[in-house]
Structure formats: structure tokens, C-alpha cells
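Okay, structure first, notes after.
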Amino acid sequence: MDYEQAKRKRARNLKLWLAFLLAPPAAILIIFVFLPMASAVLYSLYDWDGLVRKDFVGLENFADILLNPNKNTLLFNAFWNNVKVFVSLMIVQNGIALVLALLLARNPRGYRFYQVVFFLPVILSTVIIGFQWKMFLNPVFGLVNKALHAFGLHDWALPWLGLPETALPSMLLVNSWHWFGFPTLVFLAAIHRIPKDFIEAARLDGASEWRIAREIIWPLMAPAVTIIVVLTFIGSFNWFEIPYIMNGLEGSPQGSTDMLGLLFYRTAFGSVSAGGSDFGQGSALAVLMFIFIFVFSIIATKYLTSREVEMS
Amino acid sequence: MEKKRNAGFETWLMHIFLVSSAIVVLYPIFMMVMSGFKTNAEIFGSPFALPKNPSLANYAVIWNTTDVPRYLLNSAIVTVISVVALLVTGTMAAYAISRYKFRGSIMVSLFFLAGLMLPLRLAIIPLFVQLKAMGLVDNLLGLIFIYTAMSLPSTVFILTGFLRALPSELEDSARVDGASELRIMVQIMVPLITPAMVIAGIYNAVPIWNDFFFPLIFIQTPENKTLAQGLTSFFGEYSVNFGVLYAGLTLAALPVVAVFIIQSKRFIAGMTAGAIK
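Here it is in C-alpha cells:
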């Protein structure tokens, strides 16, 4: 009897204890993440006047964004620019990272030094890096053009951020400079996890470094590649800070650096070109972006995971 | 013989590539720091030369006449409180999920992990309306709540991994000795996962310190601006004074870089924690 009572009391205390542990974090997560995410869907179905919710309009906001020719040209232009960002970063940023990871995996002199140096830009705020390079790329006073003039390459000294042809590539190089250390060290960690005997055995058999990289290291580092591809994808389609800081909210010049993130901001909070703020259409755009990023990430993860091989 | 010379050439190529990559990273940072000690005339006239009379005049301007010190303080407040809050709440959730068997525990852990998939920026509009109603717009507390909430899923994810790996003998013997659950958690188990807490802390602290997006939308008055956001107004004010701007960027970069140099191993482990399994 006493024993039973004590057991019940303990069980009740344990329940209280678990509730005490779980309630605060769950409440914070619900209020500041789940509730707003769910509300975004709801918001997109209404007409809005500033902060005031008006009539239920169904999918009208979505139709307007996607089908209204005044709006969808902006949307498709921004989307296409995001595609360019993703493809370029995959090639430049992650390509350089892969080469550097393969080199560092051979444990060269200065291994620790390189790790720290390559990671240094990663820890800095995008705002700092954006402004720093905006100053370097200043057509008259910037270091880049000063250096080009100093080397006699006067024709090369372009207003890098002012031309539609060079603005986005410049920003992509800046972004690669900022982030390449991250995939480098993720790839490097993956290569280090490959059992040493695999590589040693191939080397003893006289395989070239290139063949070892292509036929042993590359397939066995597939999980890291999966993660980096998905993260690059998510980052590319949420790209906001660099274009915002370097060339402003309008994606100038001539929309060449316009991104979905900038378009979303202009639609939601208003701007010179978009006019006043429109929470309904802004939310609709956010929902579309979320669905696109989510679906693509799932498909990419599925596909990329299927080519991963088990090591043991 | 032929083979060896070939290997030597390859090694040289490797070193050249690595050294030039390091220069590409370090030289722009060096130029930024160095230019902060120069006058505007020097920056425009002899941009690549070392400062003739290295001076702290630009820093004096920043310290005495701009809001940058205030921005630094605000960022420090927001980051420190958010990290403490996310570690405390994250540890509570992770501990409940990983150290107890209870009905629905899988659902609870899925609930926390689902947050990993949700990009909160896309919910910025409802978040704005909600924070406005709660009186948290233009308020550092609003940012602290958002950062804590955003960081909870990754913190719970990292910490449950470590907590699950701890043997249960420790708790069992303490329980037999009559220790309360709270005491077991705080005095026995939590000290064992401090390395994981450091990793989770760094993983979230760096993006919080560097964040620009949420303050851009939620903070309006200069006294409440954080560093990353405040830099944009600072750039508007001093747009032609490159010396002051370079000094401002250097100053803004200094705190994170200093910690990074001292703790580079932990930093790298922490920031890549989500991507390396």
C-alpha cells in the first residue's frame, strides 16, 4: 500500500518534472517559429491594408504574383538570377573548396594555418564583407581599379557594381570569398573519415593522385557533398544580404542583381518601385519560396543520398 | 627517378595554390585594417603603401562621434542573453527527450527537430505583426526571443546526440542515493556535456552576432540598433570618409576575430557541427 502510493507519487512528480523541462522551450518554439510559419499561409489568403487584415481572397494573391504580367516579369527575372547564383556558387565556391580540401587532405606543411585562414572570412558578418568589397570595388577610389591602373590595365578598370554584366559576377565572387572556407572544411572532414588503408593501398598499387581522388575519395565523400549542395541551394534562394548591401533593394543595375529575397522584401514592406507594403502578396511570395525550396531540398537529398556508398 | 621529380613538381604546384589562396584571403583583410590607420588623402593617393603616420584618429572619430560603440554594446547584450537562453532551454528539452522514457517522447523530439526545416525569414510578416502586438518591435528583447527560438532546434539536435551517449549508471546510482532529478541533471549530467554546449553555443552565437536581417526589420531607433545593422547607417553618414569606414569595419570585425584566433579549433568544430556527422 505504502509502496504503491510512493510509486504513484514518484510517477506524478516525474510527469511534473518533464513538463517543467519541456514547457518553456516548447512555448518559445511555438510562439516564435511555428505560429508565424503557420500564419504566413493564412496571411497569404487575405487582402491586407497595411497592418490590417481585410477580406478573404483565396488564391488571388498567388494568381496576381504568378500571372499578372506587371509582376511576374519581376518574379521570373529574380528567380532566374537566383538560379544563376546557385549554379555559379556550385561551380566557383564549392569547386575551389573541393580542390583545397583535396590538397589539405594530403597534410601539407602549414595545414593548421590554412584551416584557420580559410575559415577566417566565414566567421565575419556578411555586412562587413559586403561593405568592405563595395569600397574595394568603388570605380574611382576602390583598390581593385587602383590596382588595375597600377598594372597599366586601364581598360579593365570598370565600374564593377554599376554594369549589368559585371554586377552579379562581382557579388558572386565576393560571396565565394566569404564562404569557400565552409565547404572546404566540411569536405576535408569527410575525406578524413575515409579509412587511410583505402587510399594507401591504391597508392601502393601505383594509382595516380587524380585517380585516387576521382575513384576513391569522391564517391566516399558523397554525404558531405549532399549536405553542401542542399545548403548552397537554400543559401542561394534566400540570398539577400550581399545584393542588398552592395547594390540596394532594387537589384540594380537594371534588375541584374534582383533576387527573390529582395523582391519579397519590397513586396512585403514597400519600396520606391513596389509602392506601399502588401502583406498578402508578400506572404504569398514567401509561401511559394518556401514550397519551392522545401520540395527541391527533399528531391535533391533523396537523389544525392541514393548515390552515397556505405563505407563499412 | 622520373616519378620522383614529377611528385616534386606536383608538391610545388600544391604549395603555390595553397599560398595564393591564403594571400587572396589575407590581403584584403590586411588592406582593410591598414587603411583604417590612414588619412583619406593617403588612401586615395597611395592606396597600397603602409600608413606614413599610423594614427588612431579614425578610431577616435568612431568612438567619440558615432553610435558604433552603442551598436557593439547592443550586439553583445543580444548575443550573450540569447546564447544563455538557448543553452538553458535547449538543454532542458534535450535532457527530457534523451534521458527519460515517456509516452510521446518521439513526437516531442520530432516537434523540436521540425524547426530545423523552417526558414523563419519567410515568416517575417506574421512575426512582425505578432511582435508588434506584443510590444516587442524596436526592442532588443524581441530579437532575443527570435534568436532563442530559431536556435532551439539545432541546439536540441546537437545536445541530444551527446546526452544519449552518456551511460545511465551515473544517474541510477545517484537515484539510489536519493538525489532529486533536478540535482542529478544539474550536478551530474550537465557538467558532462559542457563540450557539446560550447559547440552548440558557437554554432548559434556567430550567426546571431552577425545577423542583419531581423534587426533590419524589427529595430528602428538608433539606440537599439545592433552592430551589423548599425553599420549601414554608419556607412550612410560617412560615405566619403574611407578612413573612418575602414576603421569602423575593422572595429566591427575585431571581437569575433579575436575569439576565433584564440579558439579556432572549437570555432571550426562548432560552426561545421550541423554539416559534419
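Same order as they appear, the protein sequences are chains A and B.
Following the numbering used here, the numbering of the first sequence begins with 1 at its first residue and continues without gaps.
Following the numbering used here, the numbering of the second sequence begins with 1001 at its first residue and continues without gaps.
Quick reminder that beta carbons are idealized off the backbone N, C-alpha and C, glycines included.
Can you check whether the CB of residue j is closer than 7 Å to the CB of residue i?
i, j, result
"S1098(B)", "L1163(B)", "yes"
"L137(A)", "T226(A)", "no"
"F1234(B)", "F131(A)", "no"
"I1188(B)", "L1170(B)", "yes"
"P1051(B)", "F1037(B)", "yes"
"L313(A)", "L263(A)", "Past the boundaries of the shown model lies residue 313(A); chain A is included only from 1 to 312, so the question cannot be answered."
"V1111(B)", "A1093(B)", "The sequence given here places Phe at residue 1111(B); Val does not occur at that position. No, the pair does not count as a contact, with Cβ atoms beyond the cut-off."
"N1204(B)", "L1086(B)", "yes"
"A1196(B)", "L1159(B)", "yes"
"N1040(B)", "N1241(B)", "yes"
"G1090(B)", "V1156(B)", "yes"
"F62(A)", "I1125(B)", "no"
Cutting at 7 Å between CB atoms, please list the residues of its own chain near residue i, excluding the five before and the five after it.
i, result
"W1209(B)", "S1075, T1079, V1256"
"A202(A)", "I212, I216"
"L1192(B)", "L1166"
"F119(A)", "G181, L185"
Whole angstroms is fine: what's the gap from residue i's alpha carbon to residue j's?
i, j, result
"S306(A)", "Y1059(B)", "55 Å"
"Q115(A)", "L185(A)", "7 Å"
"W156(A)", "T257(A)", "21 Å"
"F1260(B)", "G1270(B)", "11 Å"
"A1258(B)", "P1167(B)", "37 Å"
"L285(A)", "D47(A)", "14 Å"
"H1015(B)", "H192(A)", "20 Å"
"G1248(B)", "V1084(B)", "28 Å"
"Y244(A)", "R266(A)", "11 Å"
"T1011(B)", "S208(A)", "14 Å"
"F240(A)", "S1173(B)", "53 Å"
"F296(A)", "F233(A)", "9 Å"
"L75(A)", "L288(A)", "11 Å"
"L1072(B)", "L1231(B)", "10 Å"
"S1239(B)", "L1245(B)", "8 Å"
"E1002(B)", "K302(A)", "The pLDDT assigned to E1002(B) is 42, lower than 50, so where the model puts this residue is not dependable; a value taken from the coordinates is nonetheless given after this. About 46 Å."
"K1004(B)", "A147(A)", "At K1004(B), the pLDDT of 48 sits below 50, so the modelled position is not reliable and the matter cannot be decided from this model."
"L163(A)", "P253(A)", "6 Å"
"I1029(B)", "I1023(B)", "10 Å"
"G58(A)", "K1101(B)", "44 Å"
"I1184(B)", "G1178(B)", "10 Å"
"G282(A)", "V83(A)", "21 Å"
"S1021(B)", "L204(A)", "31 Å"
"L29(A)", "M37(A)", "11 Å"
"E1042(B)", "K134(A)", "19 Å"
Hey, is residue i close to the ligand COA, as in C-beta under 6 Å from one of its heavy atoms?
i, result
"L1116(B)", "The model depicted lacks the ligand COA and carries no ligand whatsoever."
Which same chain residues, not among the five before or five after residue i, have their C-beta less than 6 Å away from its C-beta?
i, result
"I1276(B)", "none"
"F308(A)", "In the sequence as presented, Phe is not what sits at residue 308(A); that position holds Glu. So the list reads A222, P223, once near-sequence residues are dropped."
"Y1147(B)", "S1082, I1208"
"Y3(A)", "none"
"W160(A)", "L137, T166, S170"
"G964(B)", "Only positions 1001 to 1277 of chain B appear in this structure, which leaves residue 964(B) out of reach."
"A19(A)", "none"
Considering just the uninterrupted stretch of the alpha helix (DSSP H) at residue i, what are its terminal residues?
i, result
"F1145(B)", "1140 to 1164"
"D1172(B)", "1169 to 1176"
"Y1059(B)", "1057 to 1065"
"G130(A)", "126 to 136"
"F34(A)", "Neither: F34(A) is in no alpha helix (DSSP H) and is coded neither H nor E."
"F182(A)", "181 to 192"
"S1075(B)", "1068 to 1099"
Within the continuous beta strand (DSSP E) that includes residue i, where are the two ends?
i, result
"K54(A)", "52 to 56"
"W160(A)", "Careful: W160(A) lies outside any beta strand (DSSP E) and carries neither H nor E."
"D47(A)", "46 to 49"
Under 8 Å Cβ to Cβ from residue i, same chain only, skipping five residues before and after it: list those, please.
i, result
"F1128(B)", "V1137, I1217, F1218"
"I1106(B)", "none"
"I293(A)", "F233, I234, F237, N238"
"I1077(B)", "L1140"
Rounded to the nearest angstrom, how far is the Cβ of residue i from that of residue j, given a contact under 8 Å?
i, j, result
"L260(A)", "A78(A)", "5 Å"
"I96(A)", "F34(A)", "Between F34(A) and I96(A) the Cβ distance is about 38 Å, and since that is not below 8 Å, they are no contact."
"D64(A)", "K54(A)", "About 15 Å separates the two Cβ atoms, so there is no contact after all."
"V122(A)", "F182(A)", "5 Å"
"A189(A)", "T1272(B)", "7 Å"
"N238(A)", "R1121(B)", "6 Å"
"F198(A)", "L98(A)", "The pair is not a contact, with the Cβ atoms about 18 Å apart (cut-off 8 Å)."
"Y111(A)", "L104(A)", "6 Å"
"V174(A)", "I242(A)", "6 Å"
"L1116(B)", "S1154(B)", "6 Å"
"L1026(B)", "V117(A)", "6 Å"
Using beta carbons (cut-off 7 Å, strictly below), is residue i in contact with chain D?
i, result
"W17(A)", "Structure shown: chain D not included; protein chains present are A and B."
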